[in-house]
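Student: Residues -21 to -1, 1 to 191, numbered by mature numbering (1 follows the signal peptide of the UniProt record, and there is no 0), are exactly what the sequence shown covers, in order.
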Amino acid sequence: MKLLILFLIFLISQTFEITNSLTINCFYGTKTIKVLGSVYSCHTSKISTSSGIEVTNVIGTHLSGKNNNDVTAVFIESNYTLPFVPRNFSKFFPNIKAFSINYAAIETLFGDEINEFSQLEYIDFWQIKLKTISSKLFEKTPKIIFVYFGGSLIERVGYDLFTPLNVTQLQYVSFDHNRCINRWIDDGNTTAIISLINELREKCPFDDEFFE
Ligand SMILES: *[C@@H]1O[C@H](CO)[C@@H](O)[C@H](O)[C@H]1NC(C)=O
Ligand SMILES: *[C@@H]1O[C@H](CO)[C@@H](O)[C@H](O)[C@H]1NC(C)=O
Ligand SMILES: *[C@@H]1O[C@H](CO)[C@@H](O)[C@H](O)[C@H]1NC(C)=O
Ligand SMILES: *[C@@H]1O[C@H](CO)[C@@H](O)[C@H](O)[C@H]1NC(C)=O
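#1: With a cut-off of 5 Å, give the chain-ordered residues whose Cβ is closer than this to any heavy atom of ligand 4.
#2: Return the first residue and the last residue of the alpha helix (DSSP H) that Asn177 is part of.
#3: Could you tell me the alpha carbon to alpha carbon distance between Phe6 and Arg135, rounded to whole angstroms?
#4: For Leu42, does the count of other Cβ atoms within 10 angstroms reach 16, so buried, or fall short, so exposed?
#5: If the criterion is Cβ atoms closer than 8 Å, does the pair Ser(-1) and Thr28 meet it?
#6: Taking 6 Å as the limit between beta carbons, can you name the residues of its chain near Phe104, skipping five residues before and five after?
#7: For Asn36, which three-state DSSP category applies?
#8: Hey, Ser131 and Gln150 are a contact pair by Cβ (cut 8 Å); roughly how many whole angstroms apart?
#9: Within 10 angstroms of the Cβ of Glu189, are there 16 or more other Cβ atoms? Answer buried if so, exposed if not.
#10: Let me know the secondary structure DSSP gives Thr87 once reduced to three states.
#11: Do the CB positions of Val64 and Glu92 come within less than 8 Å of each other?
#12: Beta carbon of Leu15, beta carbon of Tyr82: below 8 Å?
#13: According to DSSP, simplified to helix, strand and coil, what is Val64?
#14: Can you tell me which residues form a DSSP beta bridge with Arg162?
#15: Does ligand 1 have a heavy atom nearer than 7 Å to the CB of Ile107?
#16: Is Thr2 close to ligand 5? I mean its beta-carbon at under 7 Å from any heavy atom of the ligand.
#17: Using a 10 Å radius around the Cβ and a threshold of 16 neighbouring Cβ atoms, would you call Gly44 buried or exposed?
#18: Going straight from the alpha carbon of Lys108 to that of Phe154, what length do you get?
Written out as structure tokens, the structure is:
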């Protein structure tokens, strides 16, 4: 009996593997955010953690005269259950500049999570139970000027996280209320941002070789 149940569970999990799909239900609207100002965005709150990690379908009704190409921001709100960063949003929204996930359970950012957003300027991952950030996270997103990693459990941040970015362009950097650091710079003061980056290197040291 137990074996039969295990076999059935196996079959079901295989089926899900094959039909791997993730539908995002967007509430479209215009929102004003720091640094970027007004953005036309997809806001979504219910993402099933049992379906695929790659977005395969986007539903929802655009404001009149708007379409997927007008969407420059994606805001995801979970309920502390979402354990991954959904991928392939850019297949539907090719012009994303701002990407936000709040209230998730994403313990580790391995480094390739936002590679698809080459024009990204704004990242806001607030309260996602994050502990570790790879040095590689911003390697494919050199235009970032707004970085928000507040309210998580951060202990380790890759030494070279900020290396791909132009520090003089950064307007906002926050690592407030984490385990190894509680600091934010909200006025684009380059000297202060460099000092924050040095504090990260000192108090949240992490060498990406641990991943390899
Ligand atoms: C959290 O959200 C997911 C996805 O919408 C849902 O399946 C789950 O039941 C929610 N959990 C709680 C505790 O509300
Ligand atoms: C997601 O994007 C990757 C990279 O472009 C692609 O290989 C993959 O097939 C996409 N997945 C889906 C479900 O479209
Ligand atoms: C960084 O940005 C400044 C302007 O804020 C610019 O003068 C400089 O050329 C940029 N550096 C690089 C390496 O792009
Ligand atoms: C920028 O930050 C540095 C270091 O915190 C500080 O000494 C300096 O006064 C700040 N400059 C301005 C213009 O606020």
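Glycine residues also receive a C-beta, built at the ideal position from the N, C-alpha and C atoms.
Tutor: The answer reads as follows:
#1: With the criterion CB distance below 5 Å from any heavy atom of ligand 4, the matching residues run Asn168, Thr170, Ala171 along the chain.
#2: Position 198 of the sequence shown, counted from the start, is the residue given in the question as residue 177. From DSSP, the alpha helix (DSSP H) with Asn177 extends over 169 to 182.
#3: On the sequence shown, residue 6 is found 27 positions in, with the first residue counted as 1. On the sequence shown, residue 135 is found 156 positions in, with the first residue counted as 1. Taken atom to atom, the span from the alpha-carbon of Phe6 to that of Arg135 is near 34 Å.
#4: Along the sequence shown, read from residue 1 onward, the residue named residue 42 stands at position 63. Counting every other CB atom within 10 Å of its CB across the protein chains shown gives Leu42 a total below 16, marking it as exposed.
#5: Sequence index remark: in the sequence shown, residue -1 carries index 21 (1-based). Sequence index remark: in the sequence shown, residue 28 carries index 49 (1-based). The Cβ-Cβ distance between Ser(-1) and Thr28 does not fall below 8 Å.
#6: Counting from 1 along the sequence shown, the entry for residue 104 is found at position 125. So the qualifying residues of the chain are Ile80, Phe128.
#7: Stepping through the sequence shown from its first residue, residue 36 is reached at position 57. Strand, per DSSP.
#8: For this step, residue 131 is matched to residue 152 along the sequence shown. For this step, residue 150 is matched to residue 171 along the sequence shown. The pair is not a contact, with the Cβ atoms about 21 Å apart (cut-off 8 Å).
#9: Stepping through the sequence shown from its first residue, residue 189 is reached at position 210. Looking at the sequence itself, residue 189 is Phe, so the reference to Glu does not match. Exposed is the label assigned to Phe189, since fewer than 16 other Cβ atoms lie within 10 Å of its Cβ.
#10: Along the sequence shown, read from residue 1 onward, the residue named residue 87 stands at position 108. If DSSP states are grouped into helix, strand and coil, Thr87 belongs with the strands.
#11: In the sequence shown, counting from the first residue as 1, residue 64 sits at position 85. In the sequence shown, counting from the first residue as 1, residue 92 sits at position 113. Against a cut-off of 8 Å, the Cβ pair of Glu92 and Val64 comes out as a contact.
#12: Numbered from its first residue, the sequence shown carries residue 15 at position 36. Numbered from its first residue, the sequence shown carries residue 82 at position 103. The answer is no: Cβ separation not under 8 Å.
#13: As a working mapping, residue 64 is identified with position 85 in the sequence shown. Three-state result, Val64: coil.
#14: Your numbering for residue 162 matches position 183 in the sequence shown. Bridge pairing for Arg162: Phe154 [DSSP].
#15: What you label residue 107 is simply residue 128 of the sequence shown in a count that begins at 1. Because no heavy atom of ligand 1 lies under 7 Å away, the Cβ of Ile107 does not count as near it: no.
#16: With respect to ligand 5, the structure shown offers nothing to examine, as its ligands consist of ligand 1, ligand 2, ligand 3 and ligand 4.
#17: Mapped onto the sequence shown, residue 44 falls at position 65. By the neighbour-count criterion, in which a residue is buried when 16 or more other Cβ atoms sit within 10 angstroms of its Cβ, Gly44 is exposed.
#18: The residue labelled residue 108 in the question sits at position 129 within the sequence shown. The residue labelled residue 154 in the question sits at position 175 within the sequence shown. Rounded to whole angstroms, Lys108 to Phe154 spans 13 Å at the Cα level.
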